[in-house]
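Q:
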Amino acid sequence: MQSLQNRLKQEIQQNSKLKIMESFLWCVPIHTIEVEYKRIKRTKMDVLMKIMLISFQKTDITSSMQLSELLLVENLFIDDLIDVMKKSGLIEKEEDSISLTSKGIQQLEEGIFEEEQEPGTQNILYSPSHEAFLKGEIKPASEGEELLEVYRYAKEEKKKLLLEDRLLLEAVEESKVEVTEGDAPLIIISEIITSSELYIDDIPCLEYIVYNESDDLFFARVWNTLTDRWDEVLEEQLNEKERLNWRKKYLN
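So this is what it looks like as structure tokens:
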């Protein structure tokens, strides 16, 4: 931590007009939330599936054997694909014939097949003080960090966090970047199943009260060790709440 403090001081003081008036070390609470979600694999629809769906749409098909003879494809392949399409909700059996569902019609028009995968899980980090999800890695606590005071404007959460599924979905999507090229399958997150708060970590932050002599201006710099960058949100909170007090304290 000492080496980080020295580096940050040097960075600020590179500007000769800036003077560090005081520095503090405190922590900000970060909630780790485990999210379970549904996953869907999107692929370009293969030719056989497309032909089968068109056949169901335009012809009265009553059995897989009938379709096998019509398309000159081995019945085993037809049965397997029919089973997949039933499980995916693309087709349904009505009386003696097989027909497309609205989902099947839509995917046929788009030429895209969506298949549900095993659920996935992801841990995401939420900060009530930021009212936002943060990206970073929780590091093992160094000696003495457990004694740090909590950020003086930290929002207290006395009850379980209640976060909208929409916000959880966005956070999970941002934390899991799927890269595809060409016709490679794309795994998308379709729905939040459950979410549960696992624990709260206290993340050290380094605060510097800085005075710009040429502009006669006080401002805060806060380094967040979770994100490993200057934290503009916490800086703005401190500037709004304490700037007038800094002038009275350090100039009078």
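The sequence shown: position 245 = 563 (the working numbering), numbered continuously.
Yeah, the Cβ is synthetic: ideal placement off N, Cα and C, and Gly gets one too.
Since the structure is predicted, the reported quantities are computational estimates derived from the model, not experimental observations.
Take Glu553 and list the residues in its own chain whose beta-carbon comes closer than 8 Å to its own, dropping the five residues that flank it on each side.
A: If you number the sequence shown from 1, residue 553 lands on position 235. Contacts found: Phe537, Ala538, Arg539 and Val540.
Q: Does DSSP classify Gln440 as helix, strand or coil?
A: Your numbering for residue 440 matches position 122 in the sequence shown. Looking at Gln440 - three-state DSSP - the assignment turns out to be strand.
Q: From this set, Asp397, Ile372 and Gly422, which residue's C-alpha is nearest Ser381's C-alpha?
A: Here the question's residue 381 lines up with position 63 in the sequence shown. Cα-wise, what sits closest to Ser381 is Asp397.
Q: Alpha carbon to alpha carbon, how far is Asn530 from Asn563?
A: Within the sequence shown, the letter at position 212 stands for residue 530. Within the sequence shown, the letter at position 245 stands for residue 563. When rounded, the distance between both Cα atoms is 16 Å.
Q: If you run the structure through DSSP and keep just helix, strand and coil, what is Arg360?
A: As a position in the sequence shown, residue 360 is number 42, starting the count at 1. Strand, per DSSP.
Q: Return yes when the Cβ of Glu352 is within less than 8 Å of the Cβ of Ser514, no when it is not.
A: Counted from its first residue, the sequence shown places residue 514 at position 196. Counted from its first residue, the sequence shown places residue 352 at position 34. Taking 8 Å as the Cβ cut-off, Ser514 and Glu352 qualify as a contacting pair.
Q: Does DSSP put Met339 in a helix, in a strand, or in coil?
A: Walking along the sequence shown from the start, residue 339 turns up at place 21. Three-state result, Met339: strand.
Q: Taking the alpha-carbon positions, what's the Asn570 to Ile348 distance?
A: One-based indexing of the sequence shown puts residue 570 at position 252. One-based indexing of the sequence shown puts residue 348 at position 30. Approximately 37 Å, taken between the alpha carbons.
Q: For Val497, I'd like the list of residues in its chain whose CB is within less than 8 Å of its CB, leaving aside the five on either flank, ordered along the chain.
A: Counting from 1 along the sequence shown, the entry for residue 497 is found at position 179. Low confidence applies here, because Val497 scores a pLDDT of 43, under 50, leaving its location unreliable and the question unanswered by this model.
Q: Please identify the residue among Ile430, Ser341 and Ser445 whose C-alpha is closest to the C-alpha of Val365.
A: Reading the sequence shown from its first residue, position 47 is the one you call residue 365. Residue Ile430 is the option with its Cα nearest to Val365.
Q: Would Glu474 count as contacting chain B if we go by Cβ distances under 8 Å?
A: This model lacks chain B altogether; it includes just one protein chain.
Q: Let me confirm a value: Asp534 is counted as buried when at least 16 other C-beta atoms fall within 10 Å, else exposed. Which label applies?
A: By one-based count along the sequence shown, residue 534 stands at place 216. By the neighbour-count rule (16 or more Cβ atoms within 10 Å), Asp534 is not buried but exposed.
Q: Measuring CB to CB, does Ile369 end up less than 8 Å from Leu389?
A: As a working note, residue 369 is residue 51 in the sequence shown. As a working note, residue 389 is residue 71 in the sequence shown. Yes; because the gap between Cβ atoms is below 8 Å, this pair is in contact.
Q: Where does Asp483 sit, in a helix, a strand or coil, going by DSSP?
A: To locate residue 483, count along the sequence shown from 1; it is residue 165. DSSP places Asp483 in helix when its eight states are reduced to three.
Q: Between Lys335 and the rest of its own chain, which residues show a CB-CB distance below 8 Å, the 5 nearest in sequence each way excluded?
A: In the sequence shown, the residue the question calls residue 335 occupies position 17. Excluding positions up to five away in sequence, the list reads Asn530, Glu531, Ser532 and Asp533.
Q: Tell me which residues share the same chain as Lys362 and place their Cβ nearer than 8 Å to its Cβ, disregarding the 5 neighbours each side in the sequence.
A: Numbered from 1 along the sequence shown, position 44 holds the residue referred to as residue 362. Around Lys362: Gly429, Ile430, Phe431 and Asp501.
Q: Check whether the Cβ atoms of Leu322 and Leu466 lie closer than 8 Å to each other.
A: Stepping through the sequence shown from its first residue, residue 322 is reached at position 4. Stepping through the sequence shown from its first residue, residue 466 is reached at position 148. No, they are not a contact pair.
Q: What did DSSP end up calling Asn333 once you bin it into helix, strand or coil?
A: Taking the first residue of the sequence shown as 1, we reach residue 333 at position 15. The answer is coil: DSSP assigns Asn333 none of H, G, I, E or B.
Q: Can you tell me which of the three DSSP states Asn530 falls into?
A: Position 212 of the sequence shown, counted from the start, is the residue given in the question as residue 530. Correct three-state label for Asn530: strand.
Q: Please classify Asn570: does DSSP put it in a helix, a strand, or coil?
A: As a working mapping, residue 570 is identified with position 252 in the sequence shown. Asn570: coil per DSSP, three-state reduction.
Q: Which residues share a DSSP beta bridge with Pro522?
A: Position 204 of the sequence shown, counting from 1, holds the residue named residue 522. Pro522 is bridged to Cys345.
Q: Quick one: what's Ala459 bridged to in DSSP?
A: Mapped onto the sequence shown, residue 459 falls at position 141. DSSP lists no partner for Ala459.
Q: What residues match up with Asp350 in a beta bridge as DSSP calls it?
A: As a position in the sequence shown, residue 350 is number 32, starting the count at 1. As written in the sequence, residue 350 is Thr, which differs from the Asp given in the question. DSSP lists Leu443 and Tyr517 as partners of Thr350.
Q: Within 10 angstroms of the Cβ of Asn542, are there 16 or more other Cβ atoms? Answer buried if so, exposed if not.
A: By one-based count along the sequence shown, residue 542 stands at place 224. So Asn542 counts as buried.
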